[in-house]
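Student: So that you can map any letter, position 331 of the sequence shown is 331 in full-length UniProt numbering, and since no number is skipped, the others follow by simple counting.
The following block contains the structure, expressed as structure tokens.
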Amino acid sequence: MMRLFDNTETAFKLKSDSELERAYFLFKMIQSQPMVRIGTAVTNFALKAHLPVEGLIRSTVFDHFCGGVSEDDCLPNIEKMYEQGNVHSVLDYSVEGKEDEAQFDDALKMTLKTINFAEEKQSIPYAVFKPTGFGRFDLYQKLTEGKELTSEEKVEWDRVVERFHTVCKAAKEKDVPLLIDAEESWMQDAADNLIEELMEIYNKEKAIVFNTLQMYRHDRMEYLRNLHQRAHQKGYHIGMKVVRGAYMEKERERAKENGYESPICVDKQATDDNYNEAVRYMMDHKNMAIFAGTHNEESSYLLMDLAKEHNIAKDDKRMWFGQLYGMSDHISFNLAKEGYNVAKYVPFGPVRDVMPYLIRRAEENTSVAGQTSRELNLLKTEKARRKL
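Structure follows, in structure tokens:
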């Protein structure tokens, strides 16, 4: 029996022959780790030196993994995926590492704009932002470490909290659920605590505010259970995006350098088990909404089975599957064809600002054994089917 995710005709239906060839070429490059290292170094150098590489990046990696340079630039891609493949999109403004108030206010404006977009367009079911888009990393870190803020920092933190409230209010008014990404563990507690307060306020009737659980952290199941207890007592809904995580190397290195126990699971299997346990737990309890951000086929099949078991309709709004744009189309498009809620995370932003995001994706693809070779095999199968 052919398994659902093996259908390459559905998976790559939207790709022209030349786009298929480009995808094959890109994943071939990503597969060889030295290529990624060299490519990353050269790209970083060229961007810093303001060499004219943006066109090249734009026509290769950028266009494959990003929707465009602005939200309007993304719309043709978004509408095409929705109309031809029934796959939704989450607009992800992927500009990282900003440090000043004006830039945080810009990110706030952009998030409000994407909430409006999501209200207007059926193809965009969620809005999303990163905690460090709204405030300095060091501020979250200081709070996570339990250190006292200076009076200036307190004022600064109040502004961060205000930005969070502004987007949550808008999201609730417009009935657009809001995904808040997770970041490095040494700043995450501050974000978690703030998001929990927001859930208590804005998730009374249903999940509007979603936090993110990175299941490569071995402490996240305990966190979820405790949060569930508190939510149950206070009577609000939990929204969670459940992912494996994207900062593994960084997390392990920092733990080693600073002599504390790594927050990351011992191995891939432990992470997979942890992820699946979170999915089971959330599906077992009412008043929870899950956005399963995964490129893992087994976890996706598990969620499908659990939905069947609990008599949850495929298109129940409390259950979404999510994958990144440019990756795992065999999961996204085949699930959508079966009638499940599926959304692609579509990153956008100026080319040079989105490079850190792209580089992380390339590194992640090389470090997750099997991810790239699976993509390549599927592309090869489809090329053969089309006789390219």
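Even for Gly, the Cβ is constructed at its ideal location relative to N, Cα and C.
From the DSSP output, in three-state form, read off Y126 for me.
Tutor: Correct three-state label for Y126: strand.
Student: Since N258 and M221 should fall inside the 8 Å C-beta cutoff, what is the C-beta to C-beta distance between them, to a whole number of angstroms?
Tutor: Going by Cβ atoms, the distance from N258 to M221 rounds to 24 Å, so no, they are not a contact pair.
Student: How many Å lie between K172 and V155 at the Cα?
Tutor: One C-alpha to the other measures close to 26 Å.
Student: Could you tell me which whole beta strand (DSSP E) segments of length 3 or greater appear in the segment 62–147?
Tutor: The qualifying runs are 88–93 and 126–129.
Student: Does the segment 341–359 come into contact with the segment 298–307, if we say contact requires no fewer than three beta-carbon pairs (one atom in each stretch) closer than 8 Å?
Tutor: Output reads no: the segment 298–307 does not touch the segment 341–359.
Student: Less than 8 Å between the beta carbons of H330 and L378, yes or no?
Tutor: Yes, the Cβ-Cβ distance between H330 and L378 is below 8 Å.
Student: Would you say W320 and A362 are within 8 Å of each other, going by their C-beta atoms?
Tutor: Not a contact, by the Cβ cut-off of 8 Å.
Student: Leaving out the 5 sequence neighbours to the left and right, which residues in its chain are closer than 6 Å to A289 when beta-carbon positions are compared?
Tutor: Hits under 6 Å: A207, G239 and R318.
Student: With DSSP collapsed to three states, give me the class of R217.
Tutor: Looking at R217 - three-state DSSP - the assignment turns out to be strand.
Student: From Q229, D189 and A336, pick the residue whose C-alpha is nearest to that of E83; which is it?
Tutor: Nearest option by C-alpha distance: A336.
Student: Of the choices R22, T271, E19 and F27, whose alpha-carbon is the least far from that of R374?
Tutor: Closest by alpha carbon: F27.
Student: Take every Cβ of the segment 131–141, pair it with every Cβ of the segment 156–164, and state whether three or more of those distances are shorter than 8 Å.
Tutor: The segment 131–141 vs the segment 156–164: in contact.
Student: Less than 8 Å between the C-beta atoms of E71 and K113, yes or no?
Tutor: The answer is yes: Cβ separation under 8 Å.
Student: Do you know whose CA, among A255, Q188, W186 and D175, lies nearest V209's CA?
Tutor: Of the listed residues, the one whose Cα sits closest to V209 is D175.
Student: Please report the distance separating the alpha-carbon of D267 from that of V242.
Tutor: Distance between the alpha carbons of D267 and V242 is about 18 Å.
Student: Taking only runs that begin and end inside the segment 171–199, name each unbroken beta strand (DSSP E) of 3 or more residues, in chain order.
Tutor: For the segment 171–199, whole beta strand (DSSP E) runs of length 3 or above, ordered along the chain, are 178–180.
Student: So P347 packs on D92, CB below 8 Å; how close in whole Å?
Tutor: Right, the Cβ-Cβ distance comes to about 5 Å (below 8 Å), so this counts as a contact.
Student: Can you tell me the Cα-Cα spacing of E249 and H218, whole angstroms?
Tutor: Between E249 and H218, the C-alpha separation is close to 15 Å.
Student: Just checking my contact of Y236 with M199 at CB under 8 Å: how many whole Å lie between their CB atoms?
Tutor: About 6 Å separates the two Cβ atoms, so the contact holds.
Student: Among L20, S185 and M282, which has the Cα closest to the Cα of I312?
Tutor: That would be M282, whose Cα lies nearest to the Cα of I312.
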